[in-house]
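Participant:
Numbering (full-length UniProt numbering), first residue to last: 1 to 356.
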């Protein structure tokens, strides 16, 4: 084969590869941008759909479905597409999370606190009275906690859409006070519903709720019918206290600068993992179960952060909250907290134990 023929062949192959890569880029970027426009509706319901239609038509023409010109003879169209997509990125990443929306009453208040030594006063602790039909009587309280009295940490997983995905909560036990539960949640507006897809596209702000167990766990196990599991975790007491303080820091962050929820990277499980990693003396391994949050208890068991006397099959049987509480209609907060711990080992704070 002549050298000139080889050069021509390699040039043709290079162009084909470039054309294929750019086509993949156009396809993926258009899907992403159209999904963002669909979720956000920046020009209203009709206007956003008109923009999506125009963009799809233009993207298809770039891909050569409507126009069959050679790729390199359409550099102007290519440049217009890239500029248009960059403008879309500026629009998307320029959206700022806010605190001044008309919020759902469940997330209407912002947690804040004062701290003097080990004594922490929390404002806007949620303690709603939930009814069987899903309605509730709102109640926000001020509570005081002594960090030196923390004697246990528990991971609660609540399943509503299969075994892979769960909402993760963290509950702190105190020697002199009822438990307190923290939950990182989406901050829904009034009449707004959760969408996992919307969670990828800056649909919701983040909210940190500090709550009575009877409120935030009972809501899931009794009112919503989710499957709830309760796992005491082994941690040194110093790390338990440090984890509580990490939640206070998160409250400071969200009060100063609201943030976006993200279904994959900034959710109820990944943020808890980041806080635990921040206080742990050991580097915790990254694992797919941090994203498939329904398997988080298995991950903790592998790290020996959950009592090793039971295998995971036994743990799931013992940790299942619903069978103990679902048939009981009237429960005090103290009774509910005792029932969900029934038959479970207390979380260990012995520094010599295998732990996080």
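We treat Cβ as the ideally placed atom computed from N, Cα and C, and that holds for glycine.
Give the DSSP bridge partners of residue 223, in chain order.
Facilitator: Counting from 1 along the chain shown, the entry for residue 223 is found at position 223. BP columns for residue 223 are empty, so no partner.
Participant: Here's a check: name, in chain order, each residue in its chain whose Cβ is nearer than 6 Å to the Cβ of residue 110, leaving out the five neighbours to either side.
Facilitator: Residue numbering aside, residue 110 sits at position 110 when the chain shown is read from its first letter. Closer than 6 Å at Cβ, skipping near neighbours: 255.
Participant: What residue range does the alpha helix (DSSP H) around residue 359 cover?
Facilitator: As shown, the chain starts at 1 and ends at 356. That puts residue 359 outside it, with no answer to give.
Participant: Around the Cβ of residue 327, are there at least 16 other Cβ atoms within 10 angstroms (buried) or fewer (exposed)?
Facilitator: Taking the chain shown and counting its residues from 1, one reaches residue 327 at position 327. Exposed.
Participant: So, at 6 Å on beta carbons, what are the nonlocal neighbours of residue 67 in its own chain, with the 5 sequence-adjacent residues on each side left out?
Facilitator: On the chain shown, residue 67 is found 67 positions in, with the first residue counted as 1. Confidence at residue 67 is low in this model, with a pLDDT of 47, below 50, so its placement is unreliable and the value that follows should be read with caution. Answer for residue 67: 61, listed in chain order.
Participant: Let me know the alpha helix (DSSP H) ranges lying completely inside the UniProt domain "Lnb N-terminal periplasmic" (136-293), each 4 residues or longer, listed in chain order.
Facilitator: 213-216, 237-256, 270-279
Participant: Taking 6 Å as the limit between beta carbons, can you name the residues of its chain near residue 211, skipping five residues before and five after?
Facilitator: Against the chain shown, residue 211 aligns to sequence position 211. Only 126, 181 meet the Cβ criterion.
Participant: With H, G and I counted as helix, E and B as strand and the rest as coil, what does DSSP make of residue 124?
Facilitator: Reading the chain shown from its first residue, position 124 is the one you call residue 124. DSSP places residue 124 in strand when its eight states are reduced to three.
Participant: DSSP state of residue 329, grouped into three classes?
Facilitator: Here residue 329 refers to the residue found at position 329 of the chain shown. It is coil, neither helix nor strand.
Participant: So, with DSSP's three-state summary, where would you put residue 317?
Facilitator: One-based indexing of the chain shown puts residue 317 at position 317. DSSP places residue 317 in helix when its eight states are reduced to three.
Participant: Examine the Cβ distances between the stretch 22-33 and the stretch 48-63 and report whether three or more of them are shorter than 8 Å.
Facilitator: yes
Participant: Cα separation between residue 83 and residue 77?
Facilitator: Position 83 of the chain shown, counted from the start, is the residue given in the question as residue 83. Position 77 of the chain shown, counted from the start, is the residue given in the question as residue 77. One C-alpha to the other measures close to 10 Å.
Participant: Which residues share a DSSP beta bridge with residue 112?
Facilitator: Taking the first residue of the chain shown as 1, we reach residue 112 at position 112. Partner(s): 123.
Participant: What does residue 129 pair with, by DSSP beta-bridge criteria?
Facilitator: Translated into positions along the chain shown, residue 129 becomes position 129. Looking at the DSSP assignment, residue 129 forms a beta bridge with 137.
Participant: Using only the alpha-carbon positions, how far apart do residue 10 and residue 54 sit?
Facilitator: By one-based count along the chain shown, residue 10 stands at place 10. By one-based count along the chain shown, residue 54 stands at place 54. When rounded, the distance between both Cα atoms is 36 Å.
Participant: Once you ignore the five residues that flank residue 307 on each side, which residues in its own chain have a CB closer than 6 Å to its CB?
Facilitator: On the chain shown, position 307 is the one that residue 307 refers to. Closer than 6 Å at the Cβ level, and outside the excluded window around residue 307, lie 345.
Participant: Taking contact to mean 3 or more Cβ pairs, one atom from each stretch, closer than 8 Å, check whether the stretch 124-138 and the stretch 147-156 are in contact.
Facilitator: no
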